[in-house]
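Colleague: Please read through the structure below; I'll follow up with questions.
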Amino acid sequence: MKLKRLLLRYYPPGIILEYVQGGELKTKSIDLLDLSPGTDVGALVEEIRKAEPLITASRKEQVIHLILRLQEKLGQQEDHKFYLFKVLRAHILPLTNVAFNKSGSCFITGSYDRTCKIWDTASGEELRTLEGHRNVVYAIAFNNPYGDKIATGSFDKTCKLWSAETGKCYHTFRGHTAEIVCLSFNLQSTLIATGSMDTTAKLWDIQNGEEVVMLTGHSAEIIALSFNTTGDRIITGSFDHTVVVWDVGTGRKLHTLIGHRAEISSAQFNWDCSLIVTGSMDKTCMLWNAVTGTRVATLTGHDDEVLDVCFDYTGQRIATSSADGSARVYNAETKKCIAKLEGHGGEISKICFNPQGSRILTASSDKTARLWDPHTGQCIQILEGHTDEIFSSAFNYKGDIIITVTSAANLRLRLYQACGETVSSISRGVDSIYLALLCISRRRRIMCRWNAKLRELLLLDHIREFLY
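Read in the UniProt record's numbering, the sequence shown has 260 at position 260, and its numbers run on one by one without any break.
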């Protein structure tokens with residue numbers, strides 16, 4: 001084995017080792033979850049050297065420097081006040097998704113106009129347009145923490161892999177027989193997973209563009225998937241009310257997580273791969289042992305469908321958002337609700353912790369996003385200004401920029417920064433006759449087409465019939 005380079009990971013604290021073995025580029029991580037500003041760095045590096053043969057004497061000073069940077073970051077104040085600094089009208093048709101690269105220097109948007117666009121965060125300028133799909137670009141992602149590749153999943157049943165730097169299309173992954181609605185890179189950036197309305201998920205090799213394995217066994221559409229951090233397991237969540245744990249290397253089904261009484265909305269591993277959290281339309285969130293597949297707890301309290309769930313980076317806290325307009329924070333160890341986030345006037349479709357775990361961001365149909373203290377449940381800030389429901393939001397990796405995205409009518413996204421800047425806007429006219437709206441409701445799946453010129457609405461009986 002030969003060490004190629006060391007990469008810094010702030011949240012959770014750690015160092016990623018990129019090395020060559022048998023002619024293949026591989027990665028492993030040194031997790032420093034107990035690192036604090038008072039940690040003896042010299043002693044810690046000696047412990048690391050004893051346990052990791054790739055860290056030789058010649059790399060000692062570099063490792064010390066990286067850990068000192070991690071300590072410096074841990075000591076910084078992360079409780080920002082956010083100010084609006086960009087308003088963008090990004091596409092001529094509705095947005096579907098948004099994602100930051102690791103540094104937050106750029107972000108991508110997917111759209112019903114069949115494209116994915118790359119944007120410069122600081123200026124709001126469009127850097128390039130990724131064209132080639134023949135239908136809606138619905139699922140998008142960077143291969144963070146590297147951030148040099150982009151994956152796009154489309155209703156044209158294909159996934160494409162692109163260069164984030166040049167916009168070149170490396171591969172087009174074909175094989176699904178229905179729309180791709182979710183995708184993910186593994187943390188090692190060697191595989192892409194795609195989930196489809198055809199009830200299957202597929203794993204693809206990033207280097208050669210080949211299908212590695214097809215995951216079959218669900219009886220309904222797959223709408224959520226997630227790799228664990230080590231990359232040897234993946235979970236898929238389905239409208240069939242179940243979540244399945246798969247072995248990435250063989251494609252073998254390891255566990256079927258049965259217990260929910262309605263469609264799955266979200267599923268995620270915690271950082272150390274010991275737990276899985278699932279959210280469902282049955283108004284509950286469930287916690288599972290990732291190794292045995294047994295249910296650890298059922299987290300109740302919501303009065304309507306649970307739309308999104310997530311862990312903080314430590315895996316010690318779980319956040320849930322619901323159609324009842326509230327969010328909740330649970331202690332993963334005690335399984336108790338430790339905070340109720342109340343104040344939104346509509347359903348909360350998206351929830352996430354900032355990378356530091358000190359704030360929670362929620363996006364709602366009441367046209368606002370809110371920042372919360374996860375310890376007290378207090379609303380710290382309301383991000384206002386949108387004139388339509390917000391369906392997606394995200395932090396950048398540093399936690400000092402927030403992006404919020406509205407649904408169909410306004411085709412608008414907003415960027416908020418942790419320091420005041422002049423508000424500027426970028427407009428793009430809507431000159432198309434058709435605006436497409438997708439509702440992947442967990443109780444009913446409807447596609448409609450709106451003819452703005454004739455003011456007519458056409459309802460289609462299944463989303464596979466959608467063409468524009």
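Note that the Cβ used here is the ideal one computed from N, Cα and C, for glycine as well. For clarity, every value in this text was computed on a predicted model and none was experimentally measured.
Who are the Cβ neighbours of Glu165 in its own chain at under 7 Å, not counting the five residues just before and after it?
Modeller: Asp148
Colleague: Under the rule that 16 or more other beta-carbon atoms within 10 Å means buried, what is Ala99, buried or exposed?
Modeller: buried
Colleague: Which of helix, strand or coil does DSSP assign to His65?
Modeller: helix
Colleague: Whole beta strand (DSSP E) runs in the stretch 190-261 with 3 or more residues, listed along the chain?
Modeller: 191-196, 201-205, 211-215, 222-227, 233-238, 243-247 and 253-257
Colleague: Taking Glu210 as the reference, which of His386, Arg174 and Phe142 has the closest Cα?
Modeller: Arg174
Colleague: Distance, Cα to Cα, Lys2 vs Thr27?
Modeller: 11 Å
Colleague: Can you give me the C-alpha to C-alpha distance between Ala319 and Gly357, rounded to a whole angstrom?
Modeller: Within the model, the alpha-carbon separation for Ala319 versus Gly357 is close to 11 Å.
Colleague: Assign Gly14 to buried or exposed, taking buried as 16 or more other Cβ atoms, counted over all protein chains shown, within 10 Å of its Cβ.
Modeller: buried
Colleague: For Ser103, which residues of its own chain have a beta-carbon under 7 Å away from its beta-carbon, when the five flanking residues on both sides are left out?
Modeller: Closer than 7 Å at Cβ, skipping near neighbours: Gly147 and Tyr397.
Colleague: Kindly list the residues whose CB is nearer than 8 Å to the CB of Gln207, restricted to its own chain and excluding five residues on each side of it in sequence; keep chain order.
Modeller: Thr190
Colleague: Cβ of Val41 within 7 Å of Cβ of Ile64?
Modeller: yes
Colleague: What residue range is occupied by the uninterrupted beta strand (DSSP E) comprising Glu47?
Modeller: Segment Val41 to Ala51 is the alpha helix (DSSP H) holding Glu47; no beta strand (DSSP E) there.
Colleague: Looking only at DSSP bridge pairs, what is Asp308 linked to?
Modeller: Paired residue(s): Ser321.
Colleague: Based on the DSSP output, what are the partners of Ala418 in its beta bridges?
Modeller: Paired residues: none, contrary to the question.
Colleague: Please report the distance separating the alpha-carbon of Ala363 from that of Ser393.
Modeller: Answer to the nearest angstrom: the Cα atoms are 6 Å apart.
Colleague: Taking Lys157 as the reference, give the member of Gly167, Tyr170, Asn135 and Ile140 with the closest Cα.
Modeller: Asn135
Colleague: What do you get for Lys336, buried or exposed, if any count of 16 or more other CB atoms within 10 angstroms of its CB means buried?
Modeller: exposed
Colleague: Please state the DSSP three-state secondary structure of Ser123.
Modeller: coil
Colleague: Taking all protein chains shown into account, do 16 or more other C-beta atoms lie within 10 angstroms of the C-beta of Asp34, making it buried, or fewer, making it exposed?
Modeller: exposed
Colleague: Taking the C-alpha atoms as reference points, what is the distance between Phe353 and Phe269?
Modeller: 15 Å
Colleague: Suppose the cutoff is 6 Å on Cβ atoms and the five residues either side in sequence are ignored; what does the same chain contact list for Gly377 look like?
Modeller: Ala339, Lys340 and Leu341
Colleague: Which ranges would you report for the beta strand (DSSP E) in the UniProt repeat "WD" (130-172) if only whole runs of at least 3 residues count?
Modeller: 137-142, 149-154 and 159-163
Colleague: Using only the alpha-carbon positions, how far apart do Pro94 and Lys350 sit?
Modeller: A straight line joining the alpha-carbon of Pro94 with that of Lys350 spans about 18 Å.
Colleague: State the Cα-Cα distance for the pair Cys159 and Ser266, rounded to the nearest angstrom.
Modeller: 21 Å
Colleague: Distance check for Ala369 and Leu307, CA to CA, integer angstroms please.
Modeller: When rounded, the separation of the alpha-carbon atoms in Leu307 and Ala369 is 15 Å.
Colleague: Measure the beta-carbon distance from Ile360 to Trp372 and round it to whole angstroms, keeping in mind my assumption that it falls under 8 Å.
Modeller: 4 Å
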